[in-house]
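Quick note on numbering: the sequence shown equals residues 1 to 137 in my numbering. Remarks on the structure that follows.
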Amino acid sequence: MNVRKYLITVMLVLVAAFALADEVKEKRVVATIDADGIQRVEVLGGEYYFDPNVIVVKVNTPVELKVRKAGGIAPHSIVINAPEAGIVFDESLGKEPKTIKFTPTKTGKYPFECTKRLLFFKSHKDRGMHGVIEVVE
Ligand SMILES: [Cu+2]
């Protein structure tokens, strides 16, 4: 077999695999500040996405994320670990909404993800369950 042809085929397959892995559509929400000074955002987690997956919040202003799970039997979580910005939580998602409260103290982009994974399958994160909290001035 022609080695060059083989290598090109392998490369094309790899490129396609990467393209598919990156196929997460951005759903961006810019939080508005309620009359009581709190930024409230509702977040839905499902197979395999977060909606929204880009959450823009204002620094030094309290945030309440109301998180819940869409249908389906797979368990989901929402996890972020950014102590430098005062944003640390690890919650499992249920049908009943849970409220996560924090106040971001530093601007920047802080990734969150679902940490669930079934046996040897791809993690939910790798399947698209990840997002970013963007803290702005
Ligand atoms: Cu998940």
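The beta carbon of each residue, even a glycine, is placed where N, CA and C say it ideally should be. Values in this document were obtained by computation on a predicted structure and should not be read as measured data.
Among D90, V59 and R68, which has the Cα closest to the Cα of G37?
As a position in the sequence shown, residue 37 is number 37, starting the count at 1. Checked all of D90, V59 and R68; the closest Cα to G37 is V59.
Where does E47 sit, in a helix, a strand or coil, going by DSSP?
To locate residue 47, count along the sequence shown from 1; it is residue 47. In the structure shown, E47 adopts coil according to DSSP, grouped into three states.
Is it the case that the CB of Y49 approaches a heavy atom of ligand 1 more closely than 7 Å?
For this step, residue 49 is matched to residue 49 along the sequence shown. Relative to the non-hydrogen atoms of ligand 1, the Cβ of Y49 never comes closer than 7 Å to any of them.
Please say whether K95 and R68 have beta carbons closer to each other than 8 Å?
Position 68 of the sequence shown holds residue 68. Position 95 of the sequence shown holds residue 95. Yes, Cβ-Cβ distance for R68 and K95 is below 8 Å.
Below 7 Å, is the gap between the Cβ of K98 and the nearest heavy atom of ligand 1?
What you label residue 98 is simply residue 98 of the sequence shown in a count that begins at 1. K98: no, Cβ never under 7 Å from ligand 1.
By DSSP, does R40 sit in helix, in strand, or in coil?
Along the sequence shown, read from residue 1 onward, the residue named residue 40 stands at position 40. Three-state DSSP puts R40 in a strand.
Considering only residues of the stretch 70–98, which uninterrupted beta strand (DSSP E) runs meet the minimum length of 3 residues and lie entirely inside it, listed in chain order?
Fully enclosed beta strand (DSSP E) runs of 3 or longer: 76–82 and 87–93.
Inter-residue Cα distance where the pair is K98 and K106
Taking the first residue of the sequence shown as position 1, residue 98 is located at position 98. Taking the first residue of the sequence shown as position 1, residue 106 is located at position 106. If I take the Cα positions, the gap works out to 24 Å.
For T64: DSSP bridge partner residues
Locating residue 64 in the sequence shown gives position 64, where the first residue counts as 1. For the sequence presented, residue 64 should be read as Glu rather than Thr. DSSP output for E64 lists R40 and K101 as bridge partner(s).
According to DSSP, what are the bridge partners of V135?
The residue you call residue 135 lines up with position 135 of the sequence shown. The partner list for V135 (beta bridge, DSSP) reads V57 and G108.
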